[in-house]
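Single-structure report; data block below.
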Amino acid sequence: MRTSILSAPLDLSTLRKLWKPRRDSYANARLYEDNRIRIHRAFTWLEHAESCRESELDDRMLAQWAGLSALCARWDVARNQPMTERAALAAFVKQLAATDQDGIIAATLNRDRTLVASMFVDRYLARHFDAVDLKDLLARRRWDRVLAHLLERCALVHAQLAQGGSTYGSRENRTVLKRTSMILDAVALAAIQVVINHGYSDDWGVLCWPPAKK
1 MRTSILSAPL DLSTLRKLWK PRRDSYANAR LYEDNRIRIH RAFTWLEHAE SCRESELDDR
61 MLAQWAGLSA LCARWDVARN QPMTERAALA AFVKQLAATD QDGIIAATLN RDRTLVASMF
121 VDRYLARHFD AVDLKDLLAR RRWDRVLAHL LERCALVHAQ LAQGGSTYGS RENRTVLKRT
181 SMILDAVALA AIQVVINHGY SDDWGVLCWP PAKK
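Numbering of the sequence shown is given in my numbering, commencing with residue 1 and proceeding in unit increments.
Right, dumping it as structure tokens:
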């Protein structure tokens, strides 16, 4: 069966065009403000990432993570601070999987199956995580679990850069960084598409750092 444009994993430019008329309509009606902000922030970071040169891989990955975080991050009202990254990611993946009526996450992970598998067997990452039976998860179509394990690995690579755990432009981490960047690009775009298709009116948690009111 032919896959429709709404269910096929889309590129950044196409997603922008798909979102613009909805964004303008919601803005004029003052609807779904928090989610409009989330999506707008994600687009800006991902567009910056796309503009980075090959030699700016560190910058690209940091921007891609910021783009994904713009969607994932939630404010912990009780603690008056952002929810921990691990908790926010877990909540986001669970809600994303439940919202994905078109199978966009499955299509994305299937399309990049070889790349996904490389993240699970990467020697650097393997030292920090328990072994995961990826074949079993794929066979059982547990896309939510695959995505959760995948983002845990991406989060570790991001933390290494964000916390100064490697030299800028280091040759030592190029392979895992390239893999992570490619995964984040695909997952962030798929996540935006799921939200645009079916989740724009849903509650994705309290928005972190809302714009200051004039």
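Virtual Cβ for every residue (Gly too), placed ideally from N, Cα, C.
Answer with buried or exposed for residue i, where buried requires no fewer than 16 other C-beta atoms within 10 angstroms of its C-beta.
i    : result
S201 : exposed
H40  : exposed
R86  : exposed
H128 : exposed
D24  : exposed
D112 : buried
T180 : buried
A88  : buried
V157 : buried
Quick one: what does DSSP say residue i is sitting in, helix, strand or coil?
i    : result
R2   : For R2, the predicted structure reports a pLDDT of 40, less than 50, and the residue's modelled location is therefore unreliable. A value from the coordinates is still provided. Coil.
L81  : Checking the sequence, you will find Gln at residue 81 rather than Leu. Three-state result, Q81: strand.
W75  : strand
A131 : coil
S201 : coil
W65  : helix
Q163 : coil
Y168 : coil
W209 : coil
D100 : coil
R142 : coil
Which same chain residues, not among the five before or five after residue i, have their C-beta less than 8 Å away from its C-beta?
i    : result
R22  : I196, Y200
W204 : D34, N35, R38, L71, R74, F92, Q95, V195
Quick one: residues in its chain with C-beta nearer than 7 Å to the C-beta of residue i, no 5 flanking neighbours on either side, listed in chain order?
i    : result
C208 : A73, R74, W75, P82
W19  : I39, I196
V206 : R74, W75, V77
D104 : Per the sequence presented here, residue 104 reads as Ile, with Asp not at that position. S7, P9, A190, Q193, V194, listed in sequence order.
K178 : L57
Would you mind reading off the limits of the alpha helix (DSSP H) that contains residue i?
i    : result
I105 : 104-111
T14  : 12-29
D192 : Contrary to the premise, residue 192 reads as Ile rather than Asp in this sequence. From DSSP, the alpha helix (DSSP H) with I192 extends over 174-194.
S51  : 33-51
A126 : 123-126
For residue i, which residues in the same chain have their Cβ closer than 6 Å to its Cβ, ignoring the five residues on either side in sequence?
i    : result
T99  : V194, H198, G199
T108 : P9, A186, A190
R153 : M119, L125
Check the Cβ-Cβ distances between residue i and every residue of chain C, and say whether any is below 9 Å.
i    : result
L109 : The structure shown contains no chain C; it is built from a single protein chain.
Heavy atom of the ligand SAM less than 8 Å from the Cβ of residue i, yes or no?
i   : result
R16 : As for the ligand SAM, it is missing from this structure, which has no ligand bound.
So residue i and residue j are in contact, right, with Cβ under 8 Å, and what is the actual spacing, rounded?
i    : j    : result
L162 : Q64  : A small correction: the amino acid at residue 162 is Ala; Leu does not occupy that position in the sequence shown. No, A162 and Q64 are not in contact; Cβ-Cβ is about 12 Å, not under 8 Å.
R145 : L151 : Not quite, the Cβ-Cβ distance comes to about 11 Å (not below 8 Å), so this is no contact.
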